[in-house]
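These notes are about the structure you will find just below.
In my numbering, the protein residues as written are 3 to 129.
Next up, the structure:
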């Protein structure tokens with residue numbers, strides 16, 4: 003019985019994890035430039051054209067063709083997914099067209115997912 007209660011409470015925290023898309027555009031912008039997500043959600047960064055990559059202001063990720071060896075700006079089509087587990091504002095930019103303060107940049111605002119009695123208070127109600 004304890005295992006079931008544990009699974010229900012901790013399963014609810016991940017049951018509503020979502021994925022969002024941020025596009026690196028040919029006009030040197032990210033769309034959307036600001037995105038609010040819940041802790042544990044993922045963002046898929048997609049290159050829609052141009053020589054781009056995406057680098058976090060704090061250095062926690064740098065991605066293009068992947069987030070490991072091939073993370074320099076690339077004009078090839080690419081998409082990578084980054085999970086955000088830390089609450090706070092994470093700025094990011096394209097190393098080719100921006101920096102930590104200006105140019106081609108954006109921000110992901112990660113807010114805490116609140117659980118109330120095992121239910122996700124932030125999830126939409128379904129009746």
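Positions of the beta carbon are idealized from the N, C-alpha and C atoms, including for glycine.
Quantities reported herein were computed from a predicted structural model and do not represent experimental measurements.
DSSP, reduced to helix, strand and coil, places residue 90 within a strand of the structure shown. C-alpha of residue 38 to C-alpha of residue 70: approximately 25 Å in a straight line. At the C-beta level, residue 94 and residue 50 stay beyond 7 Å of one another. By the criterion of a C-beta distance shorter than 7 Å, residue 90 is surrounded in its chain by 112, once the five residues flanking it on both sides are discounted. Here residue 69 carries a coil assignment [DSSP, helix/strand/coil].
Per DSSP, residue 39 is one residue of the beta strand (DSSP E) stretching across 36-40. In the DSSP assignment, residue 49 falls within the beta strand (DSSP E) that extends over 44-49. Note on residue 116: under 16 other CB atoms within 10 angstroms of its CB, so exposed under the neighbour-count rule. DSSP places residue 32 in the strand class (E or B) of the three-state scheme. Residue burial annotation: residue 43 is buried, with at least 16 other C-beta atoms found within 10 angstroms of its C-beta. Around the Cβ of residue 35, a 10 Å sphere holds fewer than 16 other Cβ atoms; the residue is exposed.
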